[in-house]
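**Q**
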Amino acid sequence: MNKTELIEHLASKHELTKAEAGRILETLLDAVVTTVKKGGAVSIPGFGSFKQHARAARTGVNPSTGDKIKIAAAKLPKFTPGAGFKAAVDPKAAARKAAAKPAAKPAKKAAKK
Numbered sequence: 037m038n039k040t041e042l043i044e045h046l047a048s049k050h051e052l053t054k055a056e057a058g059r060i061l062e063t064l065l066d067a068v069v070t071t072v073k074k075g076g077a078v079s080i081p082g083f084g085s086f087k088q089h090a091r092a093a094r095t096g097v098n099p100s101t102g103d104k105i106k107i108a109a110a111k112l113p114k115f116t117p118g119a120g121f122k123a124a125v126d127p128k129a130a131a132r133k134a135a136a137k138p139a140a141k142p143a144k145k146a147a148k149k
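With the numbering used here applied, the sequence shown covers 37 to 149.
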């Protein structure tokens with residue numbers, strides 16, 4: 037699904053014009069980009085979170101010449117999918133994870149002296 041298809045989906049689902057749906061989508065994307073750019077995080081429960089990830093400077097190798105080169109540090113956007121999103125994409129993996137999780141043990145009572 038591309039941006040145009042997403043706008044059409046929003047417009048038909050919520051009885052909006054395509055222009056209104058486009059403005060809503062632009063506002064949402066602008067808010068996410070602005071917040072992450074400032075170093076903040078945007079968390080949408082059940083969907084995921086967007087945050088800034090810092091990549092340290094490092095030394096790399098030019099594959100054609102074999103020379104060592106310096107690769108500058110970089111700030112990158114990072115998306116981490118939420119549990120609900122993961123379960124929707126791969127329900128079998130979510131079921132395996134739930135089955136593998138051991139039941140919580142009851143807390144031990146403090147010994148009396």
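Beta carbons: idealized from backbone N, C-alpha and C, even for Gly.
Give the range of the beta strand (DSSP E) segment to which lysine 114 is assigned.
**A** Its beta strand (DSSP E) spans residues 110-117.
**Q** May I ask you to report which of helix, strand or coil DSSP gives glycine 120?
**A** Here glycine 120 sits in helix by DSSP.
**Q** Can you find the residues in the same chain that come closer than 7 Å, C-beta to C-beta, to glycine 75, ignoring five residues on each side of it along the sequence?
**A** So the list reads Gln88, once near-sequence residues are dropped.
**Q** Would you mind sorting isoleucine 107 into buried or exposed? The rule is 16 or more other CB atoms within 10 Å of its CB.
**A** Exposed, by the Cβ-count rule.
**Q** How is the alpha helix (DSSP H) around alanine 130 delimited, first residue to last?
**A** 127-136 is the extent of the alpha helix (DSSP H) around alanine 130.
**Q** According to DSSP, simplified to helix, strand and coil, what is threonine 95?
**A** Of the three classes helix, strand and coil, the one that applies to threonine 95 here is strand, per DSSP.
**Q** Among the candidates Ile105, Phe86, Lys137, Leu61, whose CA atom is the shortest distance from the CA of alanine 93?
**A** With distances taken between Cα atoms, alanine 93 lies closest to Ile105.
**Q** Sorted by chain position, which residues of the same chain lie with C-beta nearer than 8 Å to lysine 54's C-beta, five sequence neighbours on each side aside?
**A** Cβ within range, chain order: Ile43, Glu44, Ala47.
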